[in-house]
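Have a look at the structure below before the remarks.
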Amino acid sequence: MSGSGLPWSWNIVTDIRLMWSFAFIQNAYEAGTIIAIVAGIVGYFVVLRRSAFATHALGHVGFSGAAGAVVFGVNPVYGLLLFTMGGGTGMALLGRRAATRDIEIGTVLAFMLGLGLLFLSLYHGFATEAYAILFGEILGISPAQVAFTFEASLVVLAVLVVIYRPLLFSSLDEDVAEARGLPMLALGLAFMLMLAIAISIAVQVIGVLLIFALMVTPAAVAVRLTRRPLTAVIVSVLVAVVCTWLGIFVAVFQGQFPVSFFIVTFAFGIYVIVRGALALGQAVTNVRRRGGARYLGRTLFSGLIRRG
Amino acid sequence: MASLDRVDRSADPSIIRADHLEVAYKDKVVWHDATFEVRRGEFVALIGPNGAGKTTLFRLLLGLRRPTRGSLTVFGSTPRRGNRRIGYVPQRHTVDNDTHVAAEVLVRLGASGYRWGPQFTFRHEKAAAREALEAVNATELGGTSLGSLSGGELQRIFLAEALVGNPEMLLLDEPLSNLDIRRARELVEVVHSLVRHRRVTTLLVAHDINPLIECLDKVIYIANGHVATGTPEEVLTSSSLTELYGVPVEVLHDSRGNIVIVGGEDPHEPERP
Chain S
0 MSGSGLPWSW
10 NIVTDIRLMW
20 SFAFIQNAYE
30 AGTIIAIVAG
40 IVGYFVVLRR
50 SAFATHALGH
60 VGFSGAAGAV
70 VFGVNPVYGL
80 LLFTMGGGTG
90 MALLGRRAAT
100 RDIEIGTVLA
110 FMLGLGLLFL
120 SLYHGFATEA
130 YAILFGEILG
140 ISPAQVAFTF
150 EASLVVLAVL
160 VVIYRPLLFS
170 SLDEDVAEAR
180 GLPMLALGLA
190 FMLMLAIAIS
200 IAVQVIGVLL
210 IFALMVTPAA
220 VAVRLTRRPL
230 TAVIVSVLVA
240 VVCTWLGIFV
250 AVFQGQFPVS
260 FFIVTFAFGI
270 YVIVRGALAL
280 GQAVTNVRRR
290 GGARYLGRTL
300 FSGLIRRG
Chain A
0 MASLDRVDRS
10 ADPSIIRADH
20 LEVAYKDKVV
30 WHDATFEVRR
40 GEFVALIGPN
50 GAGKTTLFRL
60 LLGLRRPTRG
70 SLTVFGSTPR
80 RGNRRIGYVP
90 QRHTVDNDTH
100 VAAEVLVRLG
110 ASGYRWGPQF
120 TFRHEKAAAR
130 EALEAVNATE
140 LGGTSLGSLS
150 GGELQRIFLA
160 EALVGNPEML
170 LLDEPLSNLD
180 IRRARELVEV
190 VHSLVRHRRV
200 TTLLVAHDIN
210 PLIECLDKVI
220 YIANGHVATG
230 TPEEVLTSSS
240 LTELYGVPVE
250 VLHDSRGNIV
260 IVGGEDPHEP
270 ERP
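Protein chains in written order, with numbering that gives the first Met the number 0: chain S, 0 to 307; chain A, 0 to 272.
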């Protein structure tokens, strides 16, 4: 998608119809939607379990896997899966507090990034491949990759339906869940493997460096808006899907900036708006509770007097 | 100072029976030769300095750890993990204050969190959660997010979470720490009424016995690798604690019946995992 984008008319229906006539854009929408749904759901547990750094790290671990696959002429997504699942298993086996072991995880991820760099330098098409893995290349996705993405996400969703409540329980209250007889190691492992698969397919859209925008930001928005887990999962999915749809839409018409940039920007924008609106709402209630405008006036006034 | 409503429970069925029990972490014996019994409907306090092995006793009762010697039965059989007749509140200081999940969700998970697969009806679970929240006077906290609850409110939610499956025994690990005296007494009242009205056998780990002393049936005092049990009057005496610690310990009483134990606590003793 280099050069100029699709011709923009102010008739949205015509625009969408035009966009839909390109198979590669259809592929991008299909894969993007599936990935956004999975990322939104898994992301809720990432936020709940405070595994944001582990997510970030798994993305980097996946980078070397993807780069290695490129060197050996294999589809990068298989390298991603292999490495993220290996890394995820390692983190799960490290034990209950692995997700918060920043130093160990950081040390490993730095090495993995270096390894990825080596793999890429061994490969001739260095720049384009590196770019695709680091920042995503959703408009280049093939129908076979879309099918694979669909199958992988079915696996994640099926596992999640089975372990949803025990996983929620163990994420919120580890000690009681353990005493209740839940298999903590198996749950931790299942979560890490779901996370690994979700990251591996999400990298196609957003790349390893921007994985946060799809895996964490939508869920971070959702937990600010609702205290009910199921509602939060739905909101998180909606945010992820809307960002992806809008990102692809704007990118194909704008034609110059990458899709990932727009997705990340929409996610960031929604996050800032929600946090800002909530902070404003809180401030308004505080002022109202303390006597409305009079309170505001008084605080401003006393501030002035103190200064003078 | 004697409890007014303490009744003779020697005819009640035995819930916990420990016989010459010993527990060790690797080679280090935590405590040994513990023989005691807890009967149905008793309110028992576990007292002792940091690292004496109070939480370890809970882990034995929950089946999370095996004794190295002696025998222990709970409800007449060897402890096993996931026993739904036991409600457990672990030792925890706080929940991260950015946990944006309603308190009621946690209480409901206490009822259904161990179930696998999709769930289609929530009526029973909701009713159970409402009832548990009512029992701990926390109905109005159900919709509040866990991260914004105060220490005392949080302890009541944890209590409701433990209570929601109608357990026959409650194990409460330091629910009173980090609470001021008034909140501590309020929580003790809630627990006490559960013990008396529902006949829930309750073991409560505490640092300070004074907020509890009027409600207790029994004290299990763990210190210096030894375990002493009996009524508060039997255990909390200068001679009994001196024997337990192996150094001179004095039990003093103030004008309101509060107890001060002098000489036993070693503030520098390291915390055991």
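Each residue gets a CB set at the ideal place from its N, CA and C atoms; glycine is no exception.
Beta-carbon neighbours of residue i, restricted to chain S and to distances below 9 angstroms
i              : result
residue 112(A) : 164, 165, 167, 168, 169, 171, 172, 175, 176, 179 and 181
Between the CA atoms of residue j and residue i - distance to the nearest angstrom
i              : j              : result
residue 201(A) : residue 258(A) : 22 angstroms
residue 113(S) : residue 79(S)  : 15 angstroms
residue 315(A) : residue 66(S)  : Nothing can be reported for residue 315(A): it is not among the residues displayed for chain A, which extend from 0 to 272.
residue 252(A) : residue 41(A)  : 25 angstroms
residue 174(S) : residue 89(A)  : 7 angstroms
residue 39(A)  : residue 33(A)  : 19 angstroms
residue 138(S) : residue 40(S)  : 23 angstroms
residue 219(A) : residue 169(A) : 15 angstroms
residue 87(S)  : residue 111(S) : 14 angstroms
residue 238(S) : residue 230(S) : 12 angstroms
residue 26(S)  : residue 5(S)   : 17 angstroms
residue 8(S)   : residue 14(S)  : 6 angstroms
residue 251(S) : residue 51(S)  : 30 angstroms
residue 266(S) : residue 212(S) : 6 angstroms
residue 173(A) : residue 91(A)  : 8 angstroms
residue 15(A)  : residue 116(A) : 34 angstroms
Check whether residue i and residue j have beta carbons under 7 angstroms apart
i              : j              : result
residue 215(S) : residue 99(A)  : no
residue 140(S) : residue 203(S) : yes
residue 144(A) : residue 226(S) : yes
residue 160(A) : residue 106(A) : yes
residue 59(A)  : residue 71(A)  : yes
residue 263(S) : residue 208(S) : no
residue 29(A)  : residue 52(A)  : yes
residue 91(S)  : residue 183(S) : no
residue 171(A) : residue 131(A) : no
residue 83(S)  : residue 57(S)  : yes
residue 142(A) : residue 83(A)  : no
residue 3(S)   : residue 134(S) : no
residue 29(S)  : residue 69(S)  : no
residue 181(S) : residue 165(S) : yes
residue 180(A) : residue 102(A) : no
residue 235(S) : residue 217(S) : yes
Chain A within 7 angstroms of residue i, Cβ atoms only
i              : result
residue 222(S) : yes
residue 41(S)  : no
residue 161(S) : yes
residue 35(S)  : no
Range covered by the beta strand (DSSP E) that runs through residue i
i              : result
residue 30(A)  : 27-38
residue 24(A)  : 13-24
residue 200(A) : 200-204
residue 87(A)  : 85-88
residue 252(A) : 249-252
Contacts that residue i makes with chain A (C-beta to C-beta distance below 7 angstroms)
i              : result
residue 217(S) : Under the 7 angstroms cutoff, chain A gives no residues; its nearest Cβ is about 14 angstroms from residue 217(S).
residue 311(S) : With chain S running from 0 to 307 in the structure shown, residue 311(S) is simply not present.
Enclosing alpha helix (DSSP H) for residue i [first to last residue]
i              : result
residue 216(A) : Looking at the DSSP string, residue 216(A) is not in any alpha helix (DSSP H), and its letter there is neither H nor E.
residue 113(S) : 101-121
residue 152(S) : 142-171
residue 123(A) : 122-134
residue 197(A) : 180-197
residue 231(S) : 228-253
Contacts that residue i makes with chain S (C-beta to C-beta distance below 7 angstroms)
i              : result
residue 105(A) : 171 and 172
residue 306(A) : Chain A is shown from 0 up to 272; residue 306(A) falls before or after that span and cannot be answered.
residue 144(A) : 226
CB contact below 7 angstroms: residue i versus chain S
i              : result
residue 116(A) : yes
residue 159(A) : no
residue 24(A)  : no
residue 231(A) : no
residue 89(A)  : yes
residue 108(A) : yes
residue 15(A)  : no
Heavy atom of the ligand FAD within 6 angstroms of residue i beta-carbon
i              : result
residue 114(A) : Because no ligand of any kind appears in the structure shown, any question about the ligand FAD cannot be addressed here.
Beta-carbon neighbours of residue i, restricted to chain S and to distances below 8 angstroms
i              : result
residue 59(A)  : Those within 8 angstroms of residue 59(A) in chain S number zero; the least Cβ separation is about 12 angstroms.
residue 298(A) : A query on residue 298(A) cannot be resolved here, the shown segment of chain A reaching from 0 to 272 and no further.
Minimum Cβ-Cβ distance from residue i to chain D less than 7 angstroms
i              : result
residue 196(A) : This model lacks chain D altogether, as its protein chains are S and A.
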